[in-house]
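Peer 1:
Numbering (this note's numbering), first residue to last: 0 to 840.
1. So, helix, strand or coil for residue 463, using DSSP?
2. Would you mind sorting residue 644 into buried or exposed? The rule is 16 or more other CB atoms within 10 Å of its CB.
3. Using the Cα positions of residue 19 and residue 492, report the straight-line distance between them to the nearest angstrom.
4. Take residue 544 as the anchor and find which of 685, 790 and 153 has the nearest alpha-carbon.
5. Cα-Cα, which of 533, 538 and 608 is closest to residue 567?
6. Determine the closest residue to residue 505 out of 720, 669, 403 and 332, with distance taken between C-alpha atoms.
7. Ordered along the chain, which non-local residues of its own chain (more than five positions away) have a Cβ less than 7 Å from that of residue 702?
8. Can you look up residue 376 in the DSSP assignment and give me helix, strand or coil?
9. Identify the continuous beta strand (DSSP E) that holds residue 759 and give its terminal residues.
10. On the premise that residue 46 lies in contact with residue 86, defined as a C-beta separation below 8 Å, what is that separation, rounded to the nearest angstrom?
11. Starting from residue 414 and walking both ways along the beta strand (DSSP E), at which residues does that stretch end?
12. Nearest to residue 70 by alpha carbon, out of 8, 266, 253 and 376?
13. Would you say the segment 307 to 317 touches the segment 345 to 363, given that touching needs at least three Cβ pairs under 8 Å?
14. Where are the alpha helix (DSSP H) runs, 4 residues long or more, that stay fully inside the segment 471 to 516, in chain order?
15. Note down, in chain order, each residue of its chain lying with its Cβ closer than 6 Å to the Cβ of residue 301, except the 5 sequence neighbours on either side.
16. Mapping DSSP to helix, strand and coil, what is residue 441?
17. What distance in whole Å lies between the Cβ atoms of residue 11 and residue 101, which are believed to be in contact at a cut-off of 8 Å?
18. Which runs of the alpha helix (DSSP H), 4 residues or longer, sit entirely within the segment 57 to 119?
19. Would residue 520 be called buried (16 or more neighbouring beta carbons within 10 Å of its own) or exposed?
20. I'd like to know whether the C-beta atoms of residue 348 and residue 307 end up nearer to each other than 8 Å.
21. Which of the three DSSP states, helix, strand or coil, is assigned to residue 235?
22. Look at the alpha carbon of residue 275 and the alpha carbon of residue 437, and state the distance between them as a whole number of angstroms.
23. By the three-class DSSP mapping on this structure, what secondary structure does residue 13 have?
24. Quick check: the segment 550 to 568 against the segment 744 to 754, are there 3 or more CB pairs under 8 Å?
25. Do you know offhand how far residue 237's Cα is from residue 309's?
26. Could you check how far apart the C-beta atoms of residue 652 and residue 623 are, in whole angstroms? I think they sit under 8 Å.
27. Determine which residues share a DSSP beta bridge with residue 136 and list them.
28. In or out: residue 148 buried (at least 16 other Cβ within 10 Å) or exposed?
29. Would you decide whether residue 577 is buried or exposed? Buried here means 16 or more other CB atoms lie within 10 Å of its CB.
30. Buried or exposed for residue 252, going by 16 or more other Cβ atoms inside 10 Å?
31. Which stretch, first to last residue, makes up the alpha helix (DSSP H) that contains residue 189?
32. Can you give me the Cβ contacts of residue 800 inside the same chain, cut-off strictly under 6 Å, excluding the 5 residues immediately before and after it?
33. Using 8 Å as the threshold, is the segment 612 to 622 in touch with the segment 705 to 724, meaning 3 or more CB pairs across them?
34. Does DSSP put residue 789 in a helix, a strand or coil?
35. What does the alpha-carbon distance come out to for the pair residue 670 and residue 659?
36. Which residue marks the beginning of the alpha helix (DSSP H) containing residue 726, and which one marks its end?
Following this line, the structure appears as C-alpha cells:
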C-alpha cells in the first residue's frame, strides 16, 4: 500500500516556495528545486497555488509527474489538502509554488486563496524567496514582517535571489540570522535563466524550444546554490496531514463497460487544462485521446465527446485556420450533436473567426484581441440547462483572456456573472471564457461523461493513406505520405520515441564550437575548413568531399545531377531522396525489400537498366545494415549508387561503410543531424570521386552551408568527437538491445537493427493508443512497403524505455501477453495515461 494510503495522519514531507511579491523569482527557484531534488534521486511532486496553468507545465517537466493546482476558490477549502495528497501519491517530497505575494489573495476576502491561506490549510512550512538586488539589511526587515503578519503561517527560512557582492550578501545573512530566519540558499543573478513572456504572462513550456535543457540548467544551478539538505529537513518537519487523499473514482462513476473516446485538444495552441479533468473523465469510463488542432487532419477515430481547453489560439490563429480538414470535421461533429465542452481558447476555436482568421464557425460570434486584460475569480450561475449544467446552479471559476467575442442575438448564454450573460450553451455544447476546475465541481464531469456514453458513434476522417493518394474532396491534393517526417509525430508533453535524434544532448566542446561560430556570422561562410576536416577523418582527398546543408540538400543536388532515365530507390527507406527525384521531374522506380527476408535487399530485384540506385545503410526505418559487398555489387557501367549512411555513426566501428573506399560509381551521403543532436544546424556532406563532386558543386547555391554548420563539421571530425562518437554508438547499442529484448518478450515482431531505432510490428491502432498514453512513436505506413501495423521506435535510455513498455502494456487490457497476439491490440483507447501527455502549461 502507498504511504499516502488515505488513512488519517498522513506523513508528507512538503514545503512552499513563496515570496513577498510577484517577480521575486518564485518560479525559477521552485522549478529548479524540483529538478535538483529529482536529479538527486528523490521522487518529487510539484504543485502551484492558484489557477495558473503555465507554471505547472514547468513543474511537470522538472518532476516527471503531472503539475497540480491548489486553489481554495476553485475547489473549496475542504478539497485543498486532499488534492495535495492525491497529487503527491507515491512522492517523497512535495514542493508547492506560491502565487503573487505570500499574503495576497482574492480582493476583499482577507487573503482568501492566497499562498498563506493554502499554507495554513495544508500546514505547510514556507520558504521565502527574496530578490535582494539593491538591498542589504532591509531584506531582513521585510522577511520578519512577512513572517509575523500571520502567526498561523510558519516561515522556515529564506532564499536570497539575484544576490550581488559577497560582502553585501554576508550583511544580509547576518541580519536574517539575528532575526531567527535561516538562509537556505543564495542564488546569484543570472538573466539567462529568465523565462520569456507574452501578453498573458510566461510562455508555456509546450511552446518553448528545448525546455528540457532549461529545466536541467535550473536544476543544476539550484543544486549548487541551495542547501538541499536543509530544505529537505524543513519539508520533513511538516506535520502530518489529517486528510483523506482525493480520488476521482469517489467523485464520479462509470456508465457501463464501454470506453467512448473523448477528444481533448492539445499541442502548442491548447496547453491549458487541469490534470484532474482527464482523471475524472477516465474514472467516469471515458478514454481521453489528445489531438493537435495545428497538425491533425481529423478528430481521433471513435470520437464521441470533445473537450477544448485553454491556450493561446490568438498566437496560432493563422495556422489553426489553415487546417481546414480538421475544422470541417470538428464543425460536423459539434453541429452533429457530439457532446462538447469549450473553455476560453476552445470558445475562440469554435467561433466564426478570430482577428479575421476563419475558424470552425460553430458559434454565432466573432472574436478579436483587445487592449484590456480580463483576469478575475468569478462566481457564475448557470443560465440554462446544458450538457454539463442545470439552470440556477452556481460554480466558481476564473477568467484569463485578452480577447472579446461579439454579441450573438438570440443565443442561449452559458453563465451569468455579476448580472452579465456570458458564453453559449445547448443540450450538447457548452462554451465560455470561464475556466472551471472539475475536481471542485465533479457533477460537471459526470454529466459530460454520461452524455458521451449516450452519444451515438460517429465516423471520423481516416489517417493519411500509405499509398500515393489522389485528389482530395475539394479537388486539392491530399497530404503526401512521402513528405511525412517523424518530427511532426512528437509534441509538448509527449515521451518522444518518434524522432531518432540522439537522446543525450550535445557535448560541451560541440556547444562551444556552435557558439564560437556566431562571432563570424558577419562574414560569408567558407566551407573549406569543413571539407579539409571531413577528408582527413575519412582518409579521402579534399576533392572527394562536398559539405552540404544537411543530407536533404545532398539528395536534391543528386536528383538534379543527371537526366536520370531510370532512378531506383530501395524501399522501405528514408523518403527524402524519392521526394527530391520527383521534384526534379523524374519518375522513380521503387524496389521493395520484403519483410519475410528481414527487409534485406535482393540485388536481382534492381533493374539492370537503372542508372541511379539509392539505398540506405543502415536503412531508415528498418535498421538493416546491408553487407558492403552487396552494395559494391550494385555498381554498373553508367550507374551511380548513392549510399545514405546518415546513421552509420551509430554502428560501432562503422562496419560495412563505404565512405573510406575510392570506388567509381559510388557516392556516400552522411549527416550530422542525428548523432550529434543538431537537426537545426543542417550539416551533412557527400563523399564521392572528384568528378562527381565537381558536378554537384556546380549545382550548389553559393553559401548554402552556414558558418555554424561548417564549425559543427570541423568539431565533429576532431579526436574528441571520435572518442565521444564511439561512446554514443555503444550507448545506442545498449539502448537498442534493451528495446528489442523488451518488445520481443512481449510477443511483438521486431526487425534486428543496427541503427538508433527499431522497426516493430505492434499492431494496427497501437500508434494512436500509445499517443493517448503520452508516448510518441513514428508511424511507419508512410514508408512504401509498410502498413499501419508497423511503427519505428527510437532507442532511448533505459528509464525512458521502461516508461514506453509500461504504456505499451497498459494498451493491452489483458496484460503484456494478452489475446491480441504478436501484432498488438485493437479497440478503444485506454482509460488513463501512464505518462504525462500534453499537461497544463
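Idealized CB from N, CA, C, for every residue including glycine. Note that the structure is predicted; figures quoted are calculated from it, not measured.
Peer 2: Short version:
1. Residue placement at residue 463 is poorly supported in this model, since its pLDDT is 39, which falls under 50; the coordinates still yield a value, given next. Residue 463 falls in the coil class under three-state DSSP.
2. buried
3. 32 Å
4. 685
5. 608
6. 720
7. 523 and 524
8. strand
9. 756 to 760
10. 6 Å
11. 414 to 416
12. 376
13. yes
14. 507 to 516
15. 260
16. helix
17. No, residue 101 and residue 11 are not in contact; Cβ-Cβ is about 21 Å, not under 8 Å.
18. 71 to 74 and 76 to 86
19. exposed
20. yes
21. helix
22. 7 Å
23. strand
24. no
25. 35 Å
26. No, residue 652 and residue 623 are not in contact; Cβ-Cβ is about 17 Å, not under 8 Å.
27. Per DSSP, none; premise fails for residue 136.
28. exposed
29. buried
30. exposed
31. Careful: residue 189 lies outside any alpha helix (DSSP H) and carries neither H nor E.
32. 737 and 738
33. no
34. strand
35. 16 Å
36. 718 to 744
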